[in-house]
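Undergrad: Under this note's numbering, residues 16 to 187 are what the sequence shown spells out, in order. Sending over a structure as C-alpha cells; questions will come in a sec.
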Amino acid sequence: MLRIKLHRSRLVRALGAILAVLVFLHLMVAFCHMVLHIRVGALTQLVDMDMESNLPTFFNALLFFIAAALFHVHGRSSARSERWGWFLMVALFIFLGFDEGSQIHEKFGSFTMRLLSRSDMDQGTLAWLRNGWIIPYAAAVVALVLTLGRWFLRLEPLLRRGLLISGAVYVA
C-alpha cells in the first residue's frame with residue numbers, strides 16, 4: 016500500500032504562498048487598470064479574482080479536491096458508524112471542485128432566472144437575484160444541514176470549530 020506523509024505546516028505554507036502570488040497578481044492587474052489606466056487584458060483574464068475560468072478559479076477548485084482527499088483519509092480512519100458523514104463530505108467537495116472549475120452554478124443560475132422570469136414577478140423584483148444559483152444551492156445547504164447535523168455535532172469540538180471557521184471564511 017502506498018503511504019503518503021503530509022506535513023501540515025509545509026502544505027499550509029505552500030498553499031499560502033500560491034494564494035499570496037495570486038493576490039499579488041490580482042492587485043497588480045487592478046493597479047494597472049485603475050491607477051495607471053493601462054489595459055492588461057490577457058493578464059486580467061488570467062489572474063482577476065472577479066472572473067471565472069482562470070488561475071484563481073483553478074486554485075479554488077484544487078482546494079476543494081484537496082479537502083475531499085483529506086476528508087476521505089479522515090473517513091477511512093474513523094469509526095464505521097461515522098464514515099458515512101465523511102464520505103458524503105467527500106462527494107460534496109468533489110462536486111464543489113467540479114462546480115468551481117466548470118461553472119455549474121452559473122448554469123443553475125441561468126436556469127433559475129429563466130424559470131422565475133416566466134412567473135408573475137417583474138424584473139425589478141428579480142434584480143436582487145442576480146445570482147440565481149443561490150436558490151437551488153440554498154435548498155441543497157438546508158438538505159445537507161438536516162442530513163449531516165447530528166453527525167457534525169458528534170465531531171470532536173476542535174475539529175468541528177475548525178470546519179465551521181473554514182466554512183465561514185470561505186463564504187465570507
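Just so it is clear, CB atoms sit at the ideal spot from N, CA and C, and this is done for glycine as well. In this text, all values refer to a predicted model and were calculated from it rather than measured experimentally.
Flag this pair as yes or no: are the beta carbons of Leu37 and Met64 separated by less than 9 angstroms?
TA: yes
Undergrad: Am I right that Pro151 and Phe123 are in contact with their C-beta atoms under 8 angstroms? What's the rounded C-beta distance?
TA: 5 angstroms
Undergrad: Can you round the beta-carbon distance between Leu103 and Leu163 to whole angstroms, since I take them to be within the 8 angstroms contact cut?
TA: 7 angstroms
Undergrad: Do the CB positions of Leu61 and Leu51 come within less than 9 angstroms of each other?
TA: no
Undergrad: What span of residues does the alpha helix (DSSP H) with Ser117 cover, start to end?
TA: Arg95 to Ser117
Undergrad: Let me confirm a value: Ala82 is counted as buried when at least 16 other C-beta atoms fall within 10 Å, else exposed. Which label applies?
TA: buried
Undergrad: Quick one: using the 10 Å Cβ neighbour count with 16 as the cut-off for buried, is Phe100 buried or exposed?
TA: It is worth fixing the name first, because residue 100 is Gly in this sequence and not Phe. Label assigned to Gly100: buried.
Undergrad: On the DSSP letters alone, give me the boundaries of the alpha helix (DSSP H) that His48 sits inside.
TA: Element bounds for His48: Arg23 to Met49.
Undergrad: Alpha carbon to alpha carbon, how far is Met43 from Arg129?
TA: C-alpha separation (whole angstroms): 37 angstroms.
Undergrad: Could you compute how far the alpha carbon of Gly90 sits from the alpha carbon of Arg98?
TA: Distance between the alpha carbons of Gly90 and Arg98 is about 5 angstroms.
Undergrad: Can you check whether the CB of Leu178 is closer than 9 angstroms to the CB of Leu170?
TA: yes
Undergrad: If I measure Cβ to Cβ from Glu121 and keep anything under 8 angstroms in the same chain, skipping five residues before and after, which residues do I get?
TA: The residues are Glu67 and Trp148.
Undergrad: On a CA-only basis, which of Gln118, Asn146, Ile109 and Arg176 is nearest Thr127? Give me that one, please.
TA: Asn146
Undergrad: Using the three-state DSSP reduction, which class does Arg54 fall into: helix, strand or coil?
TA: coil
Undergrad: Specify the secondary structure class of Ala154 as computed by DSSP and reduced to three states.
TA: Helix at Ala154.
Undergrad: Under three-state DSSP, which class holds Lys20?
TA: coil
Undergrad: Tell me the DSSP secondary structure of Glu67 in three-state form.
TA: coil
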